[in-house]
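Protein chains in written order, with the working numbering: chain A, 1 to 143; chain B, 144 to 286. Every residue, glycine too, gets a C-beta built ideally from N, C-alpha and C. Just so we're clear, the structure is a prediction, and the values are computed from it rather than from any experiment. As structure tokens, the structure follows; a few thoughts come after it.
Number of protein chains: 2
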Amino acid sequence: MSTSTNQIIKSLKKSGYKITPQRKLILDVLNNSDHHLSPANIYNKVREKYPEIGLVTVYRTLEILDKAGYICRLTLPSGLAAYLLKRCPSGQHHHHLVCQCCGKVVNFNNCNLAELEKEITDETGFVISSHTIELNGKCPACQ
Amino acid sequence: MSTSTNQIIKSLKKSGYKITPQRKLILDVLNNSDHHLSPANIYNKVREKYPEIGLVTVYRTLEILDKAGYICRLTLPSGLAAYLLKRCPSGQHHHHLVCQCCGKVVNFNNCNLAELEKEITDETGFVISSHTIELNGKCPACQ
DNA sequence: TAATAATTGAAAATCGTTTTCAATTATTAT
DNA sequence: ATAATAATTGAAAACGATTTTCAATTATTA
Ligand SMILES: [Mn+2]
Ligand SMILES: [Mn+2]
Ligand SMILES: [Zn+2]
Ligand SMILES: [Zn+2]
């Protein structure tokens with residue numbers, strides 16, 4: 001179990017959650033991936049080491065991790081969910097650069113939308129409270 | 144039936160689709176809304192004038208309109224689909240400014256991400272082929 | 001008007017996700 | 001260590017949006 005996984009486990013315990021092998025393994029799978037993973041992907045990975053796990057436990061754990069802010073939930077264009085461990089300093093927001101070919105995800109946080117948001121507010125009268133950006137492309141390995 | 148609806152209907156006919164009252168009514172509903180609408184929303188609106196319509200016809204028509212480029216499909220954070228008639232010059236891409244309160248959607252197209260994309264390409268080696276932005280906020284009426 | 005091929009709507013199927021519930025397990029207090 | 005507890009688990013059923021199937025209907029064309 002990696003340091004990163006361990007730290008999150010400790011924080012969860014402080015928040016009153018029990019430490020179970022299922023939760024540790026789910027976190028490990030997330031930690032060992034630089035791709036976004038669907039609940040089913042995670043389920044299958046965990047089953048390699050812990051065949052008794054139920055898919056429903058994966059869903060429940062992901063919900064906890066998401067609410068606690070340790071993972072990002074993406075909604076793919078198909079409408080399916082996918083998750084990714086957050087790896088940027090907490091408090092900072094970030095966005096995703098996604099390889100259309102292999103699914104690799106890289107975070108970035110220099111989004112600099114302040115200027116655009118001001119323009120839009122001036123034009124439309126909307127008060128803007130948040131934004132999402134997603135850049136789609138091909139990673140070096142896939143080019 | 145509005146001009147806008149009529150034009151799209153004509154284009155569809157040229158592409159080999161039949162003109163049916165269901166398709167006309169679905170287009171009218173889209174044309175009369177400045178909010179994104181779910182398939183069920185559209186179904187209910189159309190039923191007011193044409194109670195025999197089936198929800199499945201709404202899904203099928205939306206798929207045609209989406210593929211033909213007349214409407215935008217949003218995937219809401221919940222994973223549900225919502226649709227909106229495109230109102231910007233074709234060929235231009237655009238993005239959405241969404242009121243979190245009432246759902247009103249306004250398009251904008253001055254997204255100016257070229258600089259950011261260049262930075263990211265330099266940093267990561269990704270070749271960027273497209274992007275999405277969504278600005279969330281409150282419209283003047285909802286503030 | 002007749003022939004045709006596309007379109008329609010009801011019903012069933014699909015599929016990701018959520019709920020229910022009884023059994024199990026991690027934690028805490030003894 | 002043991003017992004008491006409350007949380008967690010997994011199987012199964014339920015759910016809800018979307019898709020598929022198929023026979024009947026309709027718009028179009030000849
Ligand atoms: Mn992220
Ligand atoms: Mn749009
Ligand atoms: Zn790639
Ligand atoms: Zn509003």
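Taking 7 Å as the cut-off, the Cβ atoms of residue 275 of chain B and residue 79 of chain A do not count as close. For residue 240 of chain B, at least one C-beta of chain A is nearer than 7 Å to its own C-beta. Under the 10 Å beta carbon count, residue 104 of chain A is surrounded by 16 or more other beta carbons and is classified as buried. Taking the Cβ atoms as the reference, residue 180 of chain B lies roughly 18 Å from residue 211 of chain B, outside the contact range of under 8 Å. Closer than 7 Å to the CB of residue 275 of chain B there is at least one CB belonging to chain A. In this structure, residue 25 of chain A lies near residue 46 of chain A, with their beta-carbon atoms less than 7 Å apart. Nearest to residue 164 of chain B by alpha-carbon distance, out of B:220, B:196 and B:146, is B:196. Residue 203 of chain B has its alpha-carbon roughly 49 Å from the corresponding atom of residue 7 of chain A. Closer than 9 Å at the C-beta level to chain A, one finds these residues of the stretch 200-227 of chain B: 216, 218, 219, 220, 221, 222, 223 and 224. Here residue 280 of chain B has 240, 241, 242 and 243 as same chain residues with Cβ atoms under 8 Å from its own Cβ, once five neighbours each way along the sequence are excluded.
Sequence-distant Cβ neighbours of residue 285 of chain B in its own chain, meaning closer than 7 Å and more than five residues away, are 242, 244 and 245. Shortest Cα-Cα distance from residue 111 of chain A to any of A:95, A:120 and A:56 involves A:95.
Pairing residue 186 of chain B with residue 88 of chain A, the inter-Cα distance amounts to about 43 Å. According to DSSP, residue pairing for residue 128 of chain A in a beta bridge involves B:280. Under the three-state reduction of DSSP, residue 101 of chain A is assigned to coil, being neither helix nor strand.
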